[in-house]
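Report on the following structure.
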Amino acid sequence: MRKTRKADPKPKKEPVVAIPAEHEPLLTEVHDAVKAMGRRTTGQAYELGYQLARAKAVLPEKMFGRWTSTVCGYTPRQGRNYVAIHEHLQEHRERLEGAAVVPTVLFVLASAKPEKIEAVLAVVESGERLTVGQVKNLIKDGDEGQPERKAAIGGLAGLRRAAEAKLKDELTQFIELSKRILKAAEPITELLEKGKHVSKKSLADKVEVDAYKAAGLLRSAIFPERIDASRAANPGADDALLGWGGVPALFGRLGDSPRWPGKDEFPTWVTGTVLPMLRFVVHGDPLPGAHQEAAPSPTDDAAEETGTEARLTLEDIPALEGPSEEDYGDAADSSAASDEEAPVVEAEPEAPEKRRAMKESLAGV
Numbered sequence: 001m002r003k004t005r006k007a008d009p010k011p012k013k014e015p016v017v018a019i020p021a022e023h024e025p026l027l028t029e030v031h032d033a034v035k036a037m038g039r040r041t042t043g044q045a046y047e048l049g050y051q052l053a054r055a056k057a058v059l060p061e062k063m064f065g066r067w068t069s070t071v072c073g074y075t076p077r078q079g080r081n082y083v084a085i086h087e088h089l090q091e092h093r094e095r096l097e098g099a100a101v102v103p104t105v106l107f108v109l110a111s112a113k114p115e116k117i118e119a120v121l122a123v124v125e126s127g128e129r130l131t132v133g134q135v136k137n138l139i140k141d142g143d144e145g146q147p148e149r150k151a152a153i154g155g156l157a158g159l160r161r162a163a164e165a166k167l168k169d170e171l172t173q174f175i176e177l178s179k180r181i182l183k184a185a186e187p188i189t190e191l192l193e194k195g196k197h198v199s200k201k202s203l204a205d206k207v208e209v210d211a212y213k214a215a216g217l218l219r220s221a222i223f224p225e226r227i228d229a230s231r232a233a234n235p236g237a238d239d240a241l242l243g244w245g246g247v248p249a250l251f252g253r254l255g256d257s258p259r260w261p262g263k264d265e266f267p268t269w270v271t272g273t274v275l276p277m278l279r280f281v282v283h284g285d286p287l288p289g290a291h292q293e294a295a296p297s298p299t300d301d302a303a304e305e306t307g308t309e310a311r312l313t314l315e316d317i318p319a320l321e322g323p324s325e326e327d328y329g330d331a332a333d334s335s336a337a338s339d340e341e342a343p344v345v346e347a348e349p350e351a352p353e354k355r356r357a358m359k360e361s362l363a364g365v
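Numbering (full-length UniProt numbering), first residue to last: 1 to 365.
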């Protein structure tokens, strides 16, 4: 059988890039600058994006992709990615260069929303190195845009997801309102610190409505029922000492101007309580003179473990002989019991069986 000789495959032709004569000097300059670049650092990624953006400005879209691949050695997609770094990340360039973020991560950030970019920057500026996959997870919107799908999930998982979405939305609104209130309060505080007269109405007109809304949003998230109930009779107390526990009370008062202090106490209240609390909420500034949180007592620990909200203090427990304080660890709700319901405890030392019976009696009250 006669062998047939296969013809040699024809060499693949390189695509022809017809460059307008008037753009040749600029494109040659861009080509030389791109070829002269060495290892791709963060700064060089920005510079490469700038050079390719110059070429993109004078070439049609399809011709730009062909030009980057045949002349510069980058795929059309790579070329567009570097241009996106130049066009969309200029505002964050100094911080990204300082954190030495690699170009592949910059490609992902170039398509992210501003708040997502800030979230990633907060992580990398803390010293953590993120992979491309981790950055994609940080900037993705999750199930946003799919309310039907999210609402269709039943059971505890669906309930938890719905609650998380509600909380996220409410806290976002709360922070935006807090920023507006702080922005309005700062210039008024400056005037008060200089000893100038400022009417309460001038502040109320700017912050009262926003503060009322903010108090409602925050109340469903962290409203401390126990703390607020104990302070309801004394709205003029120093809310700064409670940290986040005092925020709902302060915002509630800001949203109700008739409850503001009189004209003599008003300047001190604004400069010493309102402004520090707003800066604590918005910027995380420490509160002046804030007390350190005391270590939880055994009673508090037991209440937290069982999900009980009402807690006893040592003052609430009658002086008893025999059992130790630890015997009351499970009796967080016993303060609501009447005297007739309380077990009778003898003064003499108790046997272990009697102690167990007393604990069961207290826990069941």
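Don't be surprised by glycine CBs; every beta carbon is placed ideally from N, CA and C.
No experiment lies behind these values; they were computed from the predicted model shown.
In this structure, the alpha-carbon of K200 lies about 50 Å from that of G155. Using a Cβ distance threshold of 7 Å, A55 and V83 do not count as a contacting pair. Judged by DSSP secondary structure, V102 falls outside any alpha helix (DSSP H); it is assigned neither H nor E. By the Cβ neighbour-count rule, N137 is exposed, with fewer than 16 other Cβ atoms within 10 Å of its own.
If you ignore the 5 residues before and after A204, its C-beta comes within less than 8 Å of the C-beta of S257, W260, all in its own chain and listed in chain order.
Per DSSP, P25 is one residue of the alpha helix (DSSP H) stretching across 24-36. Close CB contacts of V209 within its chain, under the 8 Å cut and outside five residues either way in sequence, are with G255 (chain order). Distance from the Cα of E125 is smallest, within the candidate group K194, P187, G98, for G98. In the structure shown, P114 adopts helical secondary structure according to DSSP, grouped into three states. Assignment of G49 by DSSP, reduced to helix, strand and coil, places it in the helix class. Using a Cβ distance threshold of 7 Å, F251 and A221 do not count as a contacting pair. Distances from the CA of H86 to each of G73, L106, A100, V71 were compared; the closest alpha carbon is that of L106. Across the structure, E118 and Y50 are spaced so that their CA atoms are roughly 23 Å apart. Separation of the CB atoms of F174 and L217 is rounded to 4 Å, and the pair is thereby assigned contact status at 8 Å. Here T42 is not near V123, since their CB atoms are 7 Å or more apart.
Here L27 is buried: its Cβ has 16 or more other Cβ atoms, across all protein chains shown, within 10 Å. The three-state secondary structure of W260, taken from DSSP, is coil. One thing to note: H88 has its Cβ no nearer than 7 Å to the Cβ of A57. In the three-state scheme derived from DSSP, where H, G and I count as helix and E and B as strand, D205 is classed as helix. 7 Å or more divides the Cβ of E190 from the Cβ of T271.
Here I139 carries a helix assignment [DSSP, helix/strand/coil].
Distances from the alpha-carbon of P276 to those of K196, G73, L182 put L182 closest. Contact between Y46 and R93 holds: their C-beta atoms lie close to 6 Å from each other, under 8 Å. Bounds of the alpha helix (DSSP H) holding A163 are 155-193.
The three-state secondary structure of G245, taken from DSSP, is helix.
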